[in-house]
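A quick write-up on the structure given underneath.
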Ligand code: 4NP
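Numbering (my numbering), first residue to last: 9 to 158.
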């Protein structure tokens, strides 16, 4: 799960997918990172921690890190939150196999378009509720696709 700062959207996406995978007995390893190193080592934004907690998900232990090209080898799928993150990450892949791992996360629920998870950082708290719902929806679809392909 990749966003710009790795403190708002992608930590929440990680927490939601981890919870859903456990509930569905799907054995996957989920992590998150930022395209920038602006917040390396920081905990998630308090507003992300709060909305996660509301839905019984604890993301408070997470620490921000910067995306590394090693992640192309380590992970089967790289879900990015917006089109800007997509451009930044696709610039770093070095072969077709790696580039094909990168996908806009909301494309899984809206494949005809290139929808972005809006950056809630400069907005109000209701923006975090909104991104929670988008990510919850996308994560359910990710799990059901894994189960179908098992
Ligand atoms: P994120 O949100 O990419 O969802 O973690 C942001 C976090 C920090 C900043 C921008 C967006 N920032 O400008 O520091």
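Beta carbons are placed, not taken as given, at the ideal position from N, Cα and C, and that holds for glycine.
All values reported here derive from a predicted model rather than from experimental measurement.
Next item on the list: For residue 160, write down the residues that DSSP places opposite it in a beta bridge.
Entry: The structure shown has nothing for residue 160, since the chain only spans 9 to 158.
Notebook entry, point to check: From which residue to which residue does the alpha helix (DSSP H) around residue 87 run?
Noted result: First-last for residue 87: 86–88, but that is the beta strand (DSSP E), not the alpha helix (DSSP H).
Margin query: With H, G and I counted as helix, E and B as strand and the rest as coil, what does DSSP make of residue 146?
Written below: In this structure, residue 146 counts as helix in the three-state DSSP scheme.
Check: Just curious, the beta strand (DSSP E) that residue 111 is in, first and last residue?
Finding: According to the DSSP assignment, residue 111 belongs to the beta strand (DSSP E) that extends over 110–112.
Checklist line | residue 62 versus residue 143 - alpha carbon distance | finding: If you take the alpha carbons of residue 62 and residue 143, they lie about 15 Å apart.
Notebook entry, point to check: Ends of the alpha helix (DSSP H) at residue 97?
Noted result: Counting along the chain, residue 97 sits inside the alpha helix (DSSP H) bounded by residues 91–98.
Notebook entry, point to check: Going by beta carbon distance, what residues of the same chain come within less than 8 Å of residue 76, once the five residues before and after it are set aside?
Noted result: If the five residues before and after residue 76 are omitted, its C-beta is found closer than 8 Å to the C-beta atoms of 41, all from its own chain and listed in chain order.
Note to self: Check whether the region 100–115 and the region 66–82 touch, using three or more Cβ-Cβ pairs below 8 Å as the test.
What the structure shows: Judged by Cβ distances under 8 Å, the region 100–115 makes contact with the region 66–82, as three or more pairs qualify.
Margin query: Nearest by alpha-carbon distance to residue 72: which of 121, 116 and 50 is it?
Written below: For residue 72, the closest alpha carbon among the candidates 121, 116 and 50 is that of 50.
Item checked: Rounded separation between residue 138 and residue 158 - CA only -> About 31 Å.
Check: With a Cβ-Cβ cutoff of 8 Å, do residue 110 and residue 17 count as a contact?
Finding: Taking 8 Å as the cut-off, the beta carbon of residue 110 is found no closer than this to the beta carbon of residue 17.
Item checked: Pairwise C-alpha distance: residue 149 and residue 120 -> If you draw a straight line from the Cα of residue 120 to the Cα of residue 149, it comes to about 16 Å.
Notebook entry, point to check: Distance, Cα to Cα, residue 36 vs residue 131?
Noted result: Cα to Cα, the separation comes out at about 32 Å.
Next item on the list: Look at residue 47 and residue 15 and say whether their C-beta atoms are less than 8 Å apart.
Entry: Yes.
Next item on the list: Check whether the Cβ atoms of residue 116 and residue 32 sit closer than 8 Å, and answer yes or no.
Entry: No. Outside cutoff.
Notebook entry, point to check: Closer than 7 Å: is that where the CB of residue 140 sits relative to any heavy atom of the ligand 4NP?
Noted result: No - the ligand 4NP has no heavy atom lying nearer than 7 Å to the Cβ of residue 140.
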